[in-house]
Amino acid sequence: MNTRFAQALFGSNGGFAALALRVPVGLILTAHGSQKLFAWFGGHGLEGTGQWMASIGLEPGYLMALMAGSAEFFGGLALALGLLTRPAALAVAVTMLVAIFSVHIQNGLFMANNGYEYALTLFVVSLALAIQGGGRFALDNVVLQRLGTGAAYRRPAAA
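Heads up, our numbering is the position in the sequence shown plus 31, with the first residue counted as 1.
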């Protein structure tokens, strides 16, 4: 694997803050995706979620439910583990943008009105992780070391 590509994909300068973002957000996303995919935690599964997505114009509903649920479930697992953090965070960020603009934007900001504040928060955290990577305690570092591309974690330069 190209060293520059591997460093861009797996490297990070996120430090400890990335861990504080990755784990709770990753677990929340995993649970949220499991509602769509497996009907866990009171969710409606692929069939029910697909029907709802079709009803709001996201067609084909089943495929949209599969894509959104997979991005949330598998992306969330990847974020929690810090494995392929950047691509997982990017997939989640795109999914949250779709949720914001297809479901929540017309309801305003606040969650009490089914607004976009929560999806926006998940988008911003995902975007930050896509930019900075998984941080010091991420499996991405193990992958980089096994690829032999040098130090996986780069300490941010002092200002």
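We put the CB at the ideal spot given by N, CA and C, even for glycine.
Check your understanding: If you draw a straight line from the alpha carbon of T34 to that of L94, how long is it in whole angstroms?
Key -> For the purposes of this step, residue 34 is identified with residue 3 of the sequence shown, where counting begins at 1. For the purposes of this step, residue 94 is identified with residue 63 of the sequence shown, where counting begins at 1. For T34 and L94, the distance between alpha carbons rounds to 36 Å.
Review point. What residue range is occupied by the uninterrupted alpha helix (DSSP H) comprising I136?
Key: The residue you call residue 136 lines up with position 105 of the sequence shown. Where I136 is concerned, there is no enclosing alpha helix (DSSP H), given that its DSSP letter is neither H nor E.
Exercise for review: Use the C-beta contact count for S43: other C-beta atoms within 10 angstroms, 16 or more gives buried, fewer gives exposed.
Suggested key: Residue 43 sits at position 12 when you count from the first residue of the sequence shown. Buried: at least 16 other Cβ atoms inside 10 Å.
**Study point:** Selected residue, minimal CA-CA separation from A161, among R177, L115, L68 and G146
**Key:** Looking up residue 161 in the sequence shown gives position 130. It is L115.
**Study point:** Cβ distance (whole Å) where F72 is taken to contact R167 below 8 Å
**Key:** Position 41 of the sequence shown holds residue 72. Position 136 of the sequence shown holds residue 167. Incorrect: roughly 31 Å between the Cβ atoms, too far for contact.
Review point. Since I56 contacts L178 with CB under 8 Å, what's their CB separation in whole angstroms?
Key: Taking the sequence shown and counting its residues from 1, one reaches residue 56 at position 25. Taking the sequence shown and counting its residues from 1, one reaches residue 178 at position 147. Going by the sequence as given, residue 56 is Val instead of Ile. Not really, about 26 Å apart at Cβ, beyond 8 Å.
Practice item. Give me the Cα-Cα distance between A190 and L60, rounded to the nearest whole angstrom. Key: To locate residue 190, count along the sequence shown from 1; it is residue 159. To locate residue 60, count along the sequence shown from 1; it is residue 29. Caution applies to A190, whose pLDDT of 49 falls short of 50 and renders its modelled position unreliable; the value that the coordinates give is listed next. Answer to the nearest angstrom: the Cα atoms are 34 Å apart.
Point to revise | Bounding residues of the alpha helix (DSSP H) (the contiguous stretch that carries Y93) | key: For the purposes of this step, residue 93 is taken as residue 62 along the sequence shown, with counting starting at 1. G92 to L112 is the extent of the alpha helix (DSSP H) around Y93.
Check your understanding: Between G106 and the rest of its own chain, which residues show a CB-CB distance below 7 Å, the 5 nearest in sequence each way excluded?
Key -> If you number the sequence shown from 1, residue 106 lands on position 75. L60, A119, A122 and V123, listed in sequence order.
Point to revise | Extent of the continuous alpha helix (DSSP H) to which A51 belongs | key: Within the sequence shown, the letter at position 20 stands for residue 51. First-last of the alpha helix (DSSP H) with A51: A48 to F69.
Point to revise | E78 versus A109, F141 and K67, residue with shortest Cα-Cα distance | key: Here residue 78 corresponds to residue number 47 of the sequence shown, with the count starting at 1. For E78, the nearest C-alpha among the options comes from K67.
Check your understanding: If you draw a straight line from the C-alpha of L58 to the C-alpha of A111, how long is it?
Key -> Start at 1 with the first residue of the sequence shown, and residue 58 comes out as number 27. Start at 1 with the first residue of the sequence shown, and residue 111 comes out as number 80. Approximately 6 Å between the Cα atoms of the pair.
Check your understanding: With respect to the alpha helix (DSSP H) encompassing N172, which residues constitute its N-terminal and C-terminal limits?
Key -> The count along the sequence shown starts at 1 and reaches residue 172 at position 141. Counting along the chain, the alpha helix (DSSP H) containing N172 begins and ends at L170 to L178.
Review point. Whose C-alpha, out of A85, N145, Q137 and G113, is nearest the C-alpha of V173?
Key: Reading the sequence shown from its first residue, position 142 is the one you call residue 173. Per the Cα distances, G113.
Review point. Taking C-beta to C-beta, are G74 and G92 nearer than 9 Å?
Key: For the purposes of this step, residue 74 is taken as the residue at position 43 of the sequence shown. For the purposes of this step, residue 92 is taken as the residue at position 61 of the sequence shown. Result no, Cβ atoms of G74 and G92 do not sit closer than 9 Å.
**Study point:** Alpha carbon of A109 to alpha carbon of S133, nearest angstrom
**Key:** Counted from its first residue, the sequence shown places residue 109 at position 78. Counted from its first residue, the sequence shown places residue 133 at position 102. Approximately 25 Å between the Cα atoms of the pair.
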